Amino acid sequence: MSFLDAKSYDTLFGLPELYEDALPRFSLSCEDIAFARTHRRSHNRLGFAIQLALVRDLGRTLRAGEIPPEAVITVVAEQLDIDPAVFTLYAQREETRREHAREIVSALALRSIRSSDYRMLIIAATREAATTEKGLPITRAVINKLKRRKA
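This is the structure in structure tokens:
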């Protein structure tokens, strides 16, 4: 038996396959759109914006060779008024993906988890575990604590 079943894991960490599911999770703020538009080519603006939305939603950047579901690409492309098909050009150059990931992490003042964070995460998990034995709400409590932590 695992802490999270496949459905719960997908709920927390999976990318939406349906447009309707992607829309609320990958909506960009005016600031996000302006940030993406600082990049010259349309495929770079789109790829950058997808990475930015992915960081805000799941706390991670695009992985090497990762192609998000069409719904995610379409939702972000529409907000930027860009043809979703140009994402294939972005996906061809790993160095650009890595540069954009570093830029996003720096701009948002993000950092990796540290050993000093473990105590607060254990407390968050323990508090939630006092009300349930289910893995999904306990994991959500830990994720929310990570999202709220200060650098």
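Residue numbering for the sequence shown follows the UniProt record's numbering, starting at 1 and increasing by one per position.
In this text, a Cβ means the ideal position worked out from N, Cα and C, and glycines have one as well.
From a predicted model like this one, the values you see are computed outputs, not experimental measurements.
For residue i, which of the options has the nearest alpha-carbon?
{"i": "I3", "options": "K145, K147, R148, R140", "result": "Reading the sequence as shown, one finds Phe at residue 3 and not Ile. Ranking K145, K147, R148, R140 by Cα distance to F3 puts R140 first."}
{"i": "K7", "options": "A101, R149, G135, R148", "result": "G135"}
{"i": "residue 153", "options": "S106, P69, V105", "result": "Any question about residue 153 goes unanswered here, given that the chain covers just 1 to 151."}
{"i": "E66", "options": "L18, E94, F26", "result": "E94"}
{"i": "I138", "options": "I122, R149, K147", "result": "I122"}
{"i": "F13", "options": "I143, T126, A101", "result": "I143"}
{"i": "R41", "options": "D117, Y90, A71, L146", "result": "Y90"}
{"i": "H100", "options": "R111, A22, A36", "result": "A36"}
Can you give me the start and stop residues for the alpha helix (DSSP H) that residue i sits inside?
{"i": "K134", "result": "Element bounds for K134: n/a, residue is neither H nor E."}
{"i": "I82", "result": "First-last for I82: undefined, no H or E at that position."}
{"i": "A36", "result": "30 to 36"}
{"i": "T11", "result": "6 to 13"}
{"i": "D117", "result": "D117 -> no alpha helix (DSSP H), and no H or E assigned at all."}
So, is residue i buried or exposed, given that buried needs 16 or more other C-beta atoms within 10 angstroms?
{"i": "Q92", "result": "exposed"}
{"i": "R97", "result": "buried"}
{"i": "L18", "result": "exposed"}
{"i": "P24", "result": "exposed"}
{"i": "T61", "result": "buried"}
{"i": "L28", "result": "buried"}
{"i": "R128", "result": "Here the sequence assigns Glu to residue 128, which means Arg is not the residue at that position. E128 comes out buried."}
{"i": "L110", "result": "exposed"}
Starting from the C-beta of residue i, find all residues in its chain whose C-beta is less than 8 Å away, skip the five residues before and the five after it, and write them out in chain order.
{"i": "T11", "result": "L136"}
Please work out which residues of its chain come closer than 6 Å, Cβ to Cβ, to residue i, disregarding the five sequence neighbours upstream and downstream, and give them in chain order.
{"i": "D83", "result": "none"}
Whose C-beta lies closer than 7 Å to the C-beta of residue i among residues of the same chain, with five residues either side of it excluded?
{"i": "H39", "result": "R45, F48"}
{"i": "V86", "result": "S42, H43, L46"}
Check whether the segment 44 to 60 and the segment 72 to 84 touch, using three or more Cβ-Cβ pairs below 8 Å as the test. yes
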